[in-house]
Amino acid sequence: MTDSATAADTATAQAYAAGGRPAPVIETRGLTKRFRGGRLAVDGLDLTVPGGSVFGFLGPNGSGKTTTIRMLMGLIDPTSGTARVLGRPMPQASRTVLPQVGALIEGPALYGYLSGRDNLLRFDRADPTADPRTRAARVAHALERVGLAAASAKRTKAYSLGMKQRLGLATALLRPRRLLVLDEPTNGLD
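Residues in the sequence shown are numbered consecutively from 926, following the working numbering.
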């Protein structure tokens, strides 16, 4: 994270603290996404999610929940409007914001030929902020948290849908993050 990003986050946090409210971790103003052919997926969403809160989107299939999350994470660009995550504009600040976010969006992307443990080790190695000296302990703890320690040596292509989903949750929980974003986290769970 850059010094200017840290200063901006600190200034925002101080301003909200003065008013007695936690700084927002997510803010949108007029956030809109229109796909090819003119199909409107998200229409002028104004949203503020304060830090420390639990927030969820509820709605039928096709109502724009995942599209909104994908815009917030900088995976797709909005047609119009703005999104800020951890006080920074998205998708412009993706490189500074995403290392501070644990996310599971539209199910986990796993390497089927690798074990559950090896998948987590691979994801952890890809994180430039992860301390390699504590990697094995971090992975073991994440597997324990989601109830997959006993199945950690099994290749993920043999995992059930629920086991794959739990491994995706373990990936999002590998390290403490300022923000946790989960898209349909209970999909396939017993």
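Beta carbons are placed, not taken as given, at the ideal position from N, Cα and C, and that holds for glycine.
Alpha-carbon to alpha-carbon, residue j and residue i
{"i": "Thr991", "j": "Leu956", "result": "13 Å"}
{"i": "Asn986", "j": "Arg1058", "result": "43 Å"}
{"i": "Gly1014", "j": "Pro949", "result": "Looking at the sequence shown, residue 1014 is not Gly but Pro. When rounded, the distance between both Cα atoms is 13 Å."}
{"i": "Pro1024", "j": "Arg946", "result": "25 Å"}
{"i": "Lys1079", "j": "Leu970", "result": "43 Å"}
{"i": "Val967", "j": "Val1071", "result": "32 Å"}
{"i": "Glu1069", "j": "Leu1092", "result": "10 Å"}
{"i": "Thr954", "j": "Gly984", "result": "Here residue 954 is Arg; the residue named in the question, Thr, does not match the sequence. Using only the alpha carbons, I get a separation of about 20 Å."}
{"i": "Ala1055", "j": "Ala1018", "result": "20 Å"}
{"i": "Met926", "j": "Pro1101", "result": "Here the model assigns Met926 a pLDDT of 36, short of 50, so the residue's position is not dependable, and the following value carries that caveat. About 16 Å."}
{"i": "Tyr1036", "j": "Lys1089", "result": "11 Å"}
{"i": "Thr1111", "j": "Leu1073", "result": "15 Å"}
{"i": "Arg1060", "j": "Gly981", "result": "31 Å"}
{"i": "Gly1012", "j": "Tyr1038", "result": "39 Å"}
{"i": "Asp1002", "j": "Ala1076", "result": "38 Å"}
{"i": "Pro1016", "j": "His1066", "result": "31 Å"}
Bridge partners - residue i, DSSP secondary structure assignment
{"i": "Ala966", "result": "Beta-bridge pairing links Ala966 to no other residue."}
{"i": "Leu1029", "result": "Leu1107"}
{"i": "Arg1013", "result": "Val1010"}
{"i": "Pro949", "result": "Pro975"}
{"i": "Arg1080", "result": "Ser1040"}
Where residue i falls: helix, strand or coil (DSSP)
{"i": "Pro1057", "result": "helix"}
{"i": "Asp971", "result": "strand"}
{"i": "Met998", "result": "coil"}
{"i": "Thr1004", "result": "coil"}
{"i": "Ser1085", "result": "coil"}
{"i": "Leu1073", "result": "coil"}
Expected contact under 8 Å - CB spacing of residue i and residue j to nearest Å
{"i": "Ile951", "j": "Val974", "result": "4 Å"}
Cutoff 8 Å: residue i Cβ touching any chain D Cβ
{"i": "Ser1040", "result": "Given the protein chain composition of this structure (a single chain), no chain D is represented."}
Could you tell me whether the stretch 1069-1086 touches the stretch 1001-1017, using the rule of 3 or more Cβ pairs below 8 Å? no
Quick test of the definition: if touching needs 3 or more C-beta pairs under 8 Å, does the stretch 1019-1039 touch the stretch 1101-1114? yes
Under 8 Å, with one C-beta from each stretch per pair, do the stretch 1087-1096 and the stretch 1032-1047 reach the 3-pair mark? yes
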